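Below is one structure, written out as structure tokens; comments come after it.
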Amino acid sequence: MSRERGNRRRNTTVSPRQRRSQAKRANARRMRQMRKRKIRNTLILMGCLILLLSAGLGAIYLLKGGQLSRETLSYQAAREFSGISLNDHQKAGSLAADLCVTEEDVTLESADLLPQQQGALFDLDNQKVLFGQGLYDKVYPASITKIMTGMLALQYGNMDEIVTISQENVTLESGSQVCGFQAGDKVTLDELVHGLLVYSGNDAASAIAEHVGGSEAAFVEQMNAYAKKLGMTGTHFSNPHGLQDEEHYTTPYDIYLMLNEALTYEEFTEITELSSYTITYERADGTEVATPLESTDHYLTGESTPPKDVTVLGGKTGTTSLAGNCLALITQNAYGKPFISIVMGADTKETLYQQMNSLLENINS
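The sequence shown begins at 1 in our numbering and counts up one residue at a time.
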């Protein structure tokens, strides 16, 4: 009996090795429990912080006039620059990330403009100024003005409306480029815009201004207001056609802003890429008239040839004795990427297109 009890006592005795093993297992359990509690507490704390941060951001958003849902708007320069001051063109450019901006001239080895000339080349896809000479110099725009006139006609006019040509519309300076209207002629606004942008008719510009603005003076006010919205801080218009006036001026950079905005009007490029157009209207006596008009852009008429793999999408020419020969152009390279190029103050039309080619040859490089 006593021997059996002694054997049982020996069997229940725990060895030091077993005690150490048991202690290790117990310690491991405690460590796992502590880690679980720490992870749980960390997750709870992070959740609270996220809730607090979300609430704080939501409150700030609402205080600033935010909405829970807002329509995504496509870029328009007019909206980006609304209400801008006329004092600083640098501020104007900095407000729109989708614009090409530079504070100083940019050289280009191939450009052969004379030192006294102004010109530019803008890569619209990459928002980069590839060339700029006298970008912020005051220049006379001549008929490049008609880009603004055309945009306002497209924005505010009904293209099907009939416009009656007034005597004021055809009383222009001698030698002025005209479509050939006479007082009393009845022309649709659509035909006038074609005559304006294809043939650069000054009589068309005057008729558009009078019809859309109510008077030429009121229309000019609209032109200057729109220029301000576009950030054209170096521009002042005094007429709708660009005939010489000391108070009618712009800058190459402002021409870029204007032409860049014109690209948002689908009808603009549809018209300016036409090599010719036959304008039809009715004389005061009821006689139907159809007058063929040829584009003033020599690239479109084949009188000048752009560099290889350059597609001309239109733009606007301009010529006066003081402005010289000018061209603001929209083009695409071989990959369909858009560019705006500008040359101001060329001595002759031949020189104008040679100088423009010296810029355009870079858009595929």
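For every residue, glycine included, the Cβ atom is placed at its ideal position computed from N, Cα and C. None of these values were measured; they are calculated from a predicted model.
Check your understanding: Do you know how far the Cα of Thr-272 is from the Cα of Lys-316?
Key -> 7 angstroms
Practice item. Enumerate, from N- to C-terminal direction, the unbroken beta strand (DSSP E) stretches of 3 or more residues contained entirely within the stretch 129-179. Key: 162-164
Review point. Do Asp-185 and Ala-284 have their CB atoms nearer than 8 angstroms?
Key: yes
Practice item. Could you tell me the boundaries of the beta strand (DSSP E) in which Met-344 lies? Key: 338-346
**Study point:** Meets three-Cβ-pair contact criterion under 8 angstroms: the stretch 143-150 and the stretch 314-331
**Key:** yes
Review point. Taking the C-alpha atoms as reference points, what is the distance between Ser-176 and Leu-130?
Key: 35 angstroms
Review point. On the three-state DSSP scale, how would you describe Val-101?
Key: coil
Review point. From the DSSP output, which residues share a beta bridge with Tyr-277?
Key: Leu-293
Exercise for review: Would you list the residues sitting across from Asn-325 in a DSSP beta bridge?
Suggested key: Thr-319 and Ala-346
Check your understanding: Between the beta-carbon of Val-212 and the beta-carbon of Tyr-281, is there less than 8 angstroms?
Key -> no
Exercise for review: In angstroms with no decimal places, state the Cα-to-Cα distance between Leu-197 and Thr-107.
Suggested key: 31 angstroms
Review point. Span of the alpha helix (DSSP H) holding Gly-195?
Key: 189-197
Exercise for review: Would you mind reading off the limits of the alpha helix (DSSP H) that contains Gln-127?
Suggested key: Note, Gln-127: premise wrong, no alpha helix (DSSP H); not H, not E.
Point to revise | Run of the alpha helix (DSSP H) containing Ile-363, from where it starts to where it stops | key: No alpha helix (DSSP H) holds Ile-363; DSSP gives it neither H nor E.
Exercise for review: Given a cut-off of 8 angstroms, decide if Leu-135 and Ala-120 are closer than it, judged by their beta-carbon atoms.
Suggested key: yes
Practice item. Per DSSP, which residues does Ala-120 bridge with? Please list them. Key: Gly-132 and Ile-342
Practice item. Please name the residue in Asp-347, Leu-352, Pro-306 and Gly-318 whose C-alpha comes closest to that of Asn-364. Key: Pro-306
Review point. What residues are listed by DSSP as bridge partners for Thr-331?
Key: Val-312 and Phe-339
Practice item. Compare the Cα-Cα distances from Glu-161 to each of Gly-180, Asn-169, Val-193 and Lys-138 and report the closest residue. Key: Val-193
Review point. Buried or exposed: which applies to Met-46, given that a residue is buried once 16 or more other Cβ atoms fall within 10 Å of its Cβ?
Key: exposed
Review point. Going along the chain, which residues of its own chain have a beta-carbon closer than 7 angstroms to the beta-carbon of Met-356, five neighbours each way excluded?
Key: Leu-327, Leu-329, Ser-341 and Val-343
**Study point:** Boundaries of the alpha helix (DSSP H) in which Glu-216 is found, first to last residue
**Key:** 216-229
Review point. Is Ser-275 near Leu-259, with beta carbons less than 8 angstroms apart?
Key: no
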